[in-house]
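Under the working numbering, the first residue of the sequence shown is numbered 17, with each subsequent residue one higher.
Glycine included, every Cβ here is placed at the ideal spot set by N, Cα and C.
These numbers were taken from a predicted model, which means no experiment stands behind them.
To start, the structure itself, in structure tokens.
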Amino acid sequence: MLRQYGILLSIFLLSAASATAEDQLAKALGDTLVTPDAVAAQHRDFVLARIKKLTLAPDATTWQQEAEVMRRRVLDEVVFRGVSADWRNGDPAPQWTEVIDTDHGYRIRKFRYQAVPGMWIPGLLYEPTRLVGKVPAVLNVNGHESTGKATDYKQLRCINLAKRGMLALNLEWVGMGQLNGPGYSHNHLAKLDVCGVSGVSVFYLAMARGLDVLLSHSHADSERVAVTGLSGGGWQTIVLSALDKRVRLAVPVAGHSALAQRVANTNSIGDLEQNPSDLVSIADYVHLNALMTPRPLLLIYNTKDNCCFVASTVKSNTYQPVIRFYEQAGVPQRLAYYENSDPGTHNYEVDNRRQLYRFLNRHFLADTVTNENEIPSRGELQTSAALEVMIPAENADFDSLAAKAAVSLPRASTESKTLQRRQLREILRAKRYETGADRFTGPNAVDGMEVRRFVLRFGEDWSLPGVVVQGAKADRTVLLLSDAGFASKVARIRELVASGTRVVAMDPLLVGVAQPPGSLYQKAMLIATVGERALGIQASQIAAASQFLTRVLVAGRLAIESHGPRCSLAARCAAALDGATSIDVVQTHDELASIKSLLRPDARYQDHPEAYCFGLLESFDVAQLIELAGAAD
């Protein structure tokens with residue numbers, strides 16, 4: 017009995033000692049020299065430094081020339097990048113269905129049209145009962161409202177416009193109302209991006225094809241075309257209006273701001289369509305406002321907005337810089353700004369609608385005496401069911417469009433390894449960082465191991481945490497990475513050291529301690545919209561760290577061990593860029609078998625934001641990256 021007790025006590029004491037040692041190592045690994053807040057400041061500075069600056073041209077004529085170049089670049093290099101001609105030049109092919117007649121001076125005509133081949137969008141045309149000659153036409157888009165086109169304030173706006181003698185087109189927005197399935201989730205546009213097809217093109221074409229339908233009406237006055245909407249509808253308004261000069265007047269409501277405002281106010285960052293790859297390297301949203309010159313533009317924001325774009329945070333960076341453009345063009349009266357305080361929340365209620373009616377009256381109906389107040393119409397609201405438009409059961413969405421685009425990807429390459437590596441570098445926007453390490457701490461003895469902490473510097477942009485752990489014997493060196501941060505791999509590090517391995521561990525950008533507080537995916541999309549790629553930064557950091565370590569610690573090449581799909585893909589890209597120069601082998605755990613797995617219906621951009629690097633799958637899958645890693649130039 018005493019013998020059994022002694023055995024149990026020995027096991028307990030050994031376990032306790034082991035646990036204590038594990039705790040000590042965990043503490044040593046977690047005590048890094050760089051904090052998430054410090055990385056957040058680096059990320060902020062990195063993004064802000066790359067925002068396109070708005071500058072006033074010498075004169076109005078020169079600005080119009082510059083505006084045309086900017087407009088064309090945004091369309092060609094962002095909106096329609098990788099988009100086929102049958103998408104870009106497609107026919108909306110509207111199909112008109114039933115009509116809702118009312119006794120209130122207007123009718124509602126239901127229809128559907130194609131944004132891109134196979135994707136049908138429901139729409140409603142509010143048409144005055146009595147139409148004579150040409151009349152103003154207003155495209156109404158909506159934001160993140162689950163009720164979509166049936167949202168009450170949107171119905172009231174369209175009804176009022178029709179009662180004022182205008183054509184009012186009410187479109188369903190992708191992801192809302194009838195188009196609310198998971199495959200329409202806005203961030204799923206990334207599945208097209210990774211295939212090399214601009215996902216934001218679907219949003220743009222849904223608007224542009226809707227405008228085609230509106231302008232095809234025999235009574236639509238092409239000289240009096242307006243767009244308006246709240247929130248995501250405000251974003252749609254400024255994007256379409258700035259880039260499509262068929263729009264003659266725009267009233268975006270609480271839907272956009274200069275990127276610096278959104279970096280400072282993260283509730284304004286928005287979804288992926290609002291931060292498409294490369295946009296802000298060409299044109300920030302304040303540029304889009306300036307592209308409206310000399311067309312009438314009314315910007316509406318709310319003083320107590322409970323969603324985003326609080327008026328006090330946007331006026332100085334989104335409205336005021338544009339004043340001089342309208343003054344230079346000699347039409348200062350065509351630019352207006354309004355702050356709503358009743359109710360002041362995120363809204364397009366009666367006070368904001370009154371500003372729309374007044375602005376339309378001033379610029380489209382100047383010779384007509386019109387009412388600026390809302391015409392009471394709440395009793396005429398229709399139910400969602402009554403406004404439903406039949407669309408195909410197998411309507412295309414982001415998931416199905418991406419699956420179709422990926423069928424023949426990646427494309428087979430006959431190029432040399434050198435050219436393939438150059439192509440990968442361009443896709444990733446990879447960097448050749450000058451790399452060093454500083455702030456080395458002295459060795460901290462932990463259960464027979466030495467732990468040294470340090471900071472890895474990558475150029476002027478990034479300073480990230482690292483650690484070296486080794487025992488009395490170190491026959492080989494491994495660079496260890498983990499999606500959960502290297503501090504999560506206590507047991508594995510101990511195991512490697514016990515086998516005679518020196519472990520150098522680091523957290524690349526957006527991983528572990530190097531992940532700034534807040535939304536991971538929004539940090540990645542901000543990097544992309546200013547023209548960089550998060551995956552490229554990570555891969556460049558890993559490659560640069562490997563090259564640095566082979567200079568100072570290793571005779572020959574080192575091995576990489578990565579844990580998790582995010583770090584494993586970054587490590588594969590790093591090794592492919594390295595071309596067997598500094599990296600000998602990459603051992604992965606929980607790696608993506610194929611980048612195509614990111615296209616599955618249940619795959620989410622939020623989980624692997626870096627992996628959805630624009631155009632990566634067009635030329636490279638995991639197998640191609642592995643092959644490229646083992647082939648020197």
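Backbone secondary structure at residue i - three-state DSSP
i: Trp136; result: strand
i: Ala530; result: helix
i: Gly482; result: strand
i: Asp47; result: coil
i: Ser26; result: Because Ser26 carries a pLDDT of 45, less than 50, the predicted location of this residue cannot be relied on, and the following value inherits that uncertainty. Three-state DSSP puts Ser26 in a helix.
i: Asp61; result: helix
i: Val285; result: According to the sequence as given, residue 285 is Ile; it is not Val. Three-state DSSP puts Ile285 in coil, outside helix and strand.
i: Phe636; result: coil
i: Ser34; result: Unreliable placement is indicated for Ser34, whose pLDDT of 49 sits below 50; the coordinate value is still reported in the next sentence. Of the three classes helix, strand and coil, the one that applies to Ser34 here is helix, per DSSP.
i: Arg455; result: coil
i: Leu525; result: coil
i: Ile67; result: coil
i: Phe127; result: strand
i: Leu608; result: coil
i: Pro144; result: strand
i: Leu18; result: Summary for Leu18: the model assigns pLDDT 45, below 50, so the residue's position carries little reliability, and this model does not support an answer.
i: Arg180; result: coil
Range of the contiguous beta strand (DSSP E) that encloses residue i
i: Val494; result: 492–498
i: His579; result: 574–579
i: Ile316; result: 313–318
i: Met465; result: 465–474
i: Trp112; result: 111–117
i: Val229; result: Premise fails: Val229 lies in the alpha helix (DSSP H), 216–231, not in any beta strand (DSSP E).
i: Asn186; result: 183–187
i: Leu155; result: 151–156
i: Glu239; result: 236–246
Among the options, nearest to residue i - alpha-carbon criterion
i: Leu351; options: Phe502, Leu315, Val385; result: Leu315
i: Val85; options: Asp413, His303, Ser515; result: His303
i: Ala402; options: Arg66, Ile599, Gly139; result: Gly139
i: His235; options: Val154, Lys505, Ser424, Lys165; result: Val154
i: Ala586; options: Arg567, Asp413, Ala73, Ala645; result: Ala645
i: Ala619; options: Glu239, Asp415, Asp209, Ser598; result: Asp415
i: Asp75; options: Tyr342, Val513, Phe325; result: Tyr342
i: Ala461; options: Gln398, Arg469, Arg455; result: Arg469
i: Thr9; options: Ile407, Glu93, Ile558, Thr51; result: The displayed coordinates of the chain run from 17 to 649. Any statement about residue 9 would go beyond what the structure contains.
i: Pro337; options: Thr71, Tyr200, Asp209, Asp623; result: Thr71
i: Gly181; options: Arg225, Gln344, Tyr122; result: Tyr122
i: Ala514; options: Ser535, Asp491, Leu496; result: Asp491
i: His120; options: Pro108, Tyr142, Ala101, Lys126; result: Tyr142
i: Thr386; options: Gln603, Asn156, His605, Lys179; result: Lys179
i: Ile611; options: Asp209, Glu511, Glu410, Ala507; result: Asp209
i: Cys323; options: Val148, Arg518, Gly159, Phe636; result: Gly159
i: Glu450; options: Met308, Glu577, Glu476; result: Glu476
Own chain partners of residue i with C-beta closer than 8 Å, once the 5 adjacent residues on each side are dropped
i: Ala550; result: Leu525, Leu526, Lys539, Ala540, Ile543, Ala544, Pro625, Glu626, Cys629
i: Leu221; result: Trp103, Arg104, Gly106, Ala131, Val132
i: Val63; result: Leu275, Val279, Leu542, Ile543, Val546
i: Ala54; result: Ser479
Same chain, Cβ closer than 7 Å to residue i, five either side skipped, listed in chain order
i: Val213; result: Gly98, Val99, Ala421
i: Ala33; result: Note on Ala33: pLDDT 46, under 50, position unreliable in the model; no value is reported.
i: Asp287; result: His202, Asn203
i: Gly501; result: Asp523, Val527, Gly528, Val529
i: Cys211; result: Ala418, Ala421, Ala422, Leu425, Leu633, Glu634
i: Tyr335; result: Leu315, Tyr353
i: Leu25; result: For Leu25, the predicted model reports a pLDDT of 38, less than 50, meaning its position is unreliable; a value from the coordinates is still stated below. Excluding residues within five positions, none has a Cβ falling inside 7 Å.
Own chain residues within Cβ distance below 6 Å of residue i, not counting five before or after
i: Arg89; result: Ile298
i: Tyr21; result: Any reading at Tyr21 needs caution, since the residue's pLDDT is 49, under 50, leaving its predicted position unreliable; the model's value is listed next. So no residue of the chain qualifies.
i: Phe380; result: Pro152, Arg240
i: Ala412; result: Gly134, Met135
i: Ile116; result: Ile124
i: Ile254; result: Pro268, His272, Leu304
i: Gln563; result: Ser598
i: Lys505; result: Ser498
i: Pro292; result: Val94, Val216
i: Gly552; result: Leu444, Arg445, Ala446
Where the alpha helix (DSSP H) containing residue i begins and where it ends
i: His687; result: Residue 687 falls outside the range modelled here, since the chain spans only 17 to 649, and no answer is possible.
i: Asp209; result: 206–209
i: Asp367; result: 366–380
Neighbour flag for residue i against chain D, beta carbons, 8 Å
i: Cys583; result: The question asks about chain D, but that chain is absent: this structure has only one protein chain.
Are the stretch 47–60 and the stretch 486–494 in contact at 8 Å, needing three or more beta carbon pairs? no
Assess contact between the stretch 258–278 and the stretch 365–383, defined as three or more Cβ pairs (one per stretch) separated by less than 8 Å. Is contact present? yes
Three Cβ pairs or more, each shorter than 8 Å: is that satisfied between the stretch 157–172 and the stretch 185–205? yes
How about the stretch 632–642 and the stretch 432–446: do they share at least three Cβ pairs that are nearer than 8 Å? yes
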